[in-house]
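Asker: In terms of the working numbering, the sequence shown opens at residue 66 and continues consecutively. Built from N, CA and C at the ideal position, the CB exists for glycine as well. Quick caveat, the model's predicted, so the values are computed rather than measured.
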Amino acid sequence: MKKIVISSKEANQRVDKYVKKYLNLAPLSFIYKLFRKKDVKINGHWVKESYILKEGEELTIFVTDAQVEEFNKPKEIEKVNLNHPIIFEDDNILVINKPRGLLVHGDEGEKRVTLSNEVINYLYFKGEYDPKSDKGFAPAPAHRLDRNTSGLVVFAKNLVSLQELELLFKEKEDIKKEYLALVVGHLVGERTIDAPLKKDMNTGLVKVARDGKSALTKVKPVKYYGDYTLVNVQIYTGRTHQIRVHLASIGFPVVGDAKYGDFKVNKEFRDLYKFENQFLHAYKLTFLKLKGHLSYLSDKVIETSLPEVEDKLLKKII
């Protein structure tokens, strides 16, 4: 069996999440079998999967030494340069300007080259994270951007910050996320798009549907460029492809959007400007009145400019 004294870094999370991180190579079926067999105990007493760990408690996992050796493998760290701009960093959070084309998390097609892995490597070589000693937590993003959307991504350096940030991005009441997008057509005046969205699990495409999940987007023009409008977009929900689907649904698709855009316009931009990207950039985060561990970030605004490719494109189409 394995006994672990819970540290301040590991406290305040569900015990099943901690066990999954500790036995990081174990199948989920193995993890939950431990709980069914009451082979996970706190201070000698069996606990359910939802139990919240507290600092100083003794966690006992009834596994053999061979199982620990098989399933407990610290994440291998290779030195990888973090070439993307760090917009803000302190002891608790790290805000990166993610380039287009880079995944935040790994998927079935790519697990190694991700922003998350680059941040973990950066913090490891900086001396702020060690997978061998920090068993119950790894630095992680509090939200995500699509692969082909550029802009600000917030990472948490410790568990309490991650928990507060995840709640912040989920509830969206005390944080403003703003994007810049170039859309087809002249959008006049501010628009509120309140239309439920539903994802087709077979195609991966999202559409407006009565039986979808609620989704709310506000959009307003910033500047006109010929037959196109640079718009400011604020989202109040975090649905998949929300901005792109909502803008397309009101007749103003995002330039370069290969799924929901105007394919004729996309071809013109490829031919005329060699622009094959999706013009959507998460440029601004505003923390409102925060409570708890991150309250010092209240009223803080974090902002980044358009990527060079998009900035040059706008100058060409004026």
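With a 10 Å radius around its C-beta and 16 neighbouring C-beta atoms as the bar for buried, classify T369 as buried or exposed.
Answerer: When all chains shown are included, T369 counts as buried.
Asker: Considering only the beta carbon of each residue, do F344 and G316 sit closer than 7 Å?
Answerer: Going by C-beta atoms, F344 is not nearer than 7 Å to G316.
Asker: For V287, I'd like the list of residues in its chain whose CB is within less than 8 Å of its CB, leaving aside the five on either flank, ordered along the chain.
Answerer: Closer than 8 Å at Cβ, skipping near neighbours: L245, T294, L295, V296, N297.
Asker: Since V219 and A207 should fall inside the 8 Å C-beta cutoff, what is the C-beta to C-beta distance between them, to a whole number of angstroms?
Answerer: That belief holds up - the Cβ atoms of V219 and A207 are roughly 5 Å apart, short of 8 Å.
Asker: So, helix, strand or coil for L188, using DSSP?
Answerer: Correct three-state label for L188: helix.
Asker: On the DSSP letters alone, give me the boundaries of the beta strand (DSSP E) that V271 sits inside.
Answerer: Run containing V271: 271-273, per the beta strand (DSSP E) assignment.
Asker: Unbroken beta strand (DSSP E) runs of length 3 or more, entirely within the stretch 225-266: which are they?
Answerer: Whole beta strand (DSSP E) segments, 3+ residues: 240-249, 256-259, 262-264.
Asker: In whole angstroms, what is the alpha-carbon distance linking E231 and F202?
Answerer: So the alpha carbons of these two residues sit roughly 14 Å apart.
Asker: Would E123 pass as a contact of N108 if the rule is Cβ separation under 7 Å?
Answerer: Contact flag set, yes.
Asker: From E175 to D364, what distance separates their C-alpha atoms?
Answerer: Note that E175 has pLDDT 49, beneath the 50 cutoff, so the model's placement of it is unreliable and the number below is only indicative. Those two C-alpha atoms are separated by around 37 Å.
Asker: Return the chain-ordered list of same chain residues with a C-beta closer than 7 Å to the C-beta of N162, the five sequence neighbours on each side being excluded.
Answerer: So the list reads H149, P150, I152, G216, L217, T369, once near-sequence residues are dropped.
Asker: Just checking, does the stretch 130-139 make contact with the stretch 83-93 on the three C-beta pairs under 8 Å criterion?
Answerer: Short answer: they touch.
Asker: For F220, which residues does DSSP report across the bridge?
Answerer: Bridge partners of F220: L159, P206.
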